[in-house]
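Heads up, the thing below is written out as structure tokens.
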Amino acid sequence: MEIVLIGAGNMGYAMLKGLSSRYSVEVVEKNEEILERIEKEFEGVKVSKEVEDITNKVVILAIKPQSLSSLELKGEARAIISILAGTPIARIRDRFDAKYYIRAMPNVAAKNLKSLTSLVGDREFKKEACEILSSIGKTIWLDSEYELDIATALAASSPAWLAIVAEALVDGAVNLGLNRVKATQYLDGLFEGVGGLLKDTHPAMLKDMVTSPKGTTIAGVEILEENRVRSAFIKAMKESLKRAKELEES
Numbered sequence: 006m007e008i009v010l011i012g013a014g015n016m017g018y019a020m021l022k023g024l025s026s027r028y029s030v031e032v033v034e035k036n037e038e039i040l041e042r043i044e045k046e047f048e049g050v051k052v053s054k055e056v057e058d059i060t061n062k063v064v065i066l067a068i069k070p071q072s073l074s075s076l077e078l079k080g081e082a083r084a085i086i087s088i089l090a091g092t093p094i095a096r097i098r099d100r101f102d103a104k105y106y107i108r109a110m111p112n113v114a115a116k117n118l119k120s121l122t123s124l125v126g127d128r129e130f131k132k133e134a135c136e137i138l139s140s141i142g143k144t145i146w147l148d149s150e151y152e153l154d155i156a157t158a159l160a161a162s163s164p165a166w167l168a169i170v171a172e173a174l175v176d177g178a179v180n181l182g183l184n185r186v187k188a189t190q191y192l193d194g195l196f197e198g199v200g201g202l203l204k205d206t207h208p209a210m211l212k213d214m215v216t217s218p219k220g221t222t223i224a225g226v227e228i229l230e231e232n233r234v235r236s237a238f239i240k241a242m243k244e245s246l247k248r249a250k251e252l253e254e255s
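Each residue of the sequence shown is one higher than the last, beginning at 6 in our numbering.
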């Protein structure tokens with residue numbers, strides 16, 4: 006299977022490690038520095054500045070949404086997988102020819118083959134699309150683009166929010182006297198360990214497991230609740246979804 010990855014910015018580049026380990030990949034990117042970096046880092050990956058004929062190939066669109074109107078593709082692709090935020094399948098279908106159309110939303114963990122990628126689109130290509138994107142992590146097939154917009158906030162935007170949490174916890178430890186290097190080491194282990202526990206444990210149960218009566222944890226929980234941290238995350242999800250819908254309508 007031949008894959009054409011159009012766009013090798015942050016997200017496209019993050020996907021390249023997994024994709025190139027399983028498939029024949031051609032990268033189309035206008036930035037010469039990025040192309041040179043790809044040639045050095047990924048042996049066997051073809052690079053070019055212009056899109057050639059896409060007939061019978063699987064095209065992954067990883068460009069910025071505002072670049073969509075200027076992109077020209079020749080031929081009919083076997084499938085087009087778009088990871089463009091706020092860009093509905095109908096818009097891709099109107100612009101380019103393909104047998105199947107898929108909209109997907111990976112996240113930056115693709116760089117470590119740990120992305121949780123949401124997909125929606127033509128069910129005839131569901132199996133192949135999930136197989137392709139399983140090269141960068143796990144996949145979840147959704148029933149509608151509205152669900153994908155929600156998943157975008159949860160899986161694609163939340164890494165930034167969790168990074169803020171991690172940064173705040175490190176800053177808190179530094180403020181109390183622990184040096185930043187050690188504090189960061191603790192956070193690395195904490196996120197990895199808690200992530201493993203959450204695979205089999207409900208978040209509420211995990212919280213209760215480490216919350217003793219009149220203990221240190223509940224004292225901290227009280228402050229978080231007073232400052233409406235839980236509400237802030239819920240509002241962040243709502244605003245992220247709102248912005249996704251605005252992008253679709255623009």
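Glycine residues also receive a C-beta, built at the ideal position from the N, C-alpha and C atoms.
(request) Taking only runs that begin and end inside the stretch 182 to 237, name each unbroken alpha helix (DSSP H) of 4 or more residues, in chain order. (result) Within the stretch 182 to 237, the complete alpha helix (DSSP H) runs of at least 4 residues are 185 to 203, 208 to 214, 221 to 231.
(request) List the whole-angstrom C-beta distance separating Leu174 from Leu203, where the pair is believed to meet the contact cut-off of C-beta under 8 Å. (result) In fact, because the Cβ distance is near 17 Å, the residues do not count as touching under 8 Å.
(message) Is the beta carbon of Ala114 closer than 9 Å to that of Gly91?
(response) A distance of 9 Å or more separates the beta carbons of Gly91 and Ala114.
(request) Please classify Glu81: does DSSP put it in a helix, a strand, or coil? (result) Looking at Glu81 - three-state DSSP - the assignment turns out to be coil, as it is neither helix nor strand.
(request) Determine contact between the stretch 38 to 45 and the stretch 102 to 118, defined as no fewer than three beta-carbon pairs at a distance below 8 Å. (result) They do not touch, by the three-pair rule.
(message) Going residue by residue through the stretch 16 to 69, where are the continuous alpha helix (DSSP H) segments of at least 4 residues, counting only ones entirely within it?
(response) Whole alpha helix (DSSP H) segments, 4+ residues: 37 to 46.
(message) Quick check on the burial criterion: 16 or more other C-beta atoms within 10 angstroms. Buried or exposed for Pro111?
(response) By the neighbour-count definition (other C-beta atoms within 10 Å, threshold 16), Pro111 is a buried residue.
(message) Please state the DSSP three-state secondary structure of Ile88.
(response) The three-state secondary structure of Ile88, taken from DSSP, is coil.
(request) Pick helix, strand or coil for Met6, following the three-state DSSP scheme. (result) Under the three-state reduction of DSSP, Met6 is assigned to coil, being neither helix nor strand.
(request) Return the CA-CA distance between Val64 and Ile169, expressed in angstroms with no decimal places. (result) Roughly 34 Å separates the two Cα atoms.
(message) Considering just the uninterrupted stretch of the beta strand (DSSP E) at Lys119, what are its terminal residues?
(response) From DSSP, Lys119 is part of no beta strand (DSSP E); its letter is neither H nor E.
(message) Less than 9 Å between the C-beta atoms of Glu81 and Asp102, yes or no?
(response) Yes, Cβ-Cβ distance for Glu81 and Asp102 is below 9 Å.
(request) Buried or exposed for Lys54, please, with buried defined as at least 16 other CB atoms from any protein chain shown within 10 angstroms of its CB. (result) Exposed, because fewer than 16 other Cβ atoms sit within 10 Å of the Cβ of Lys54.
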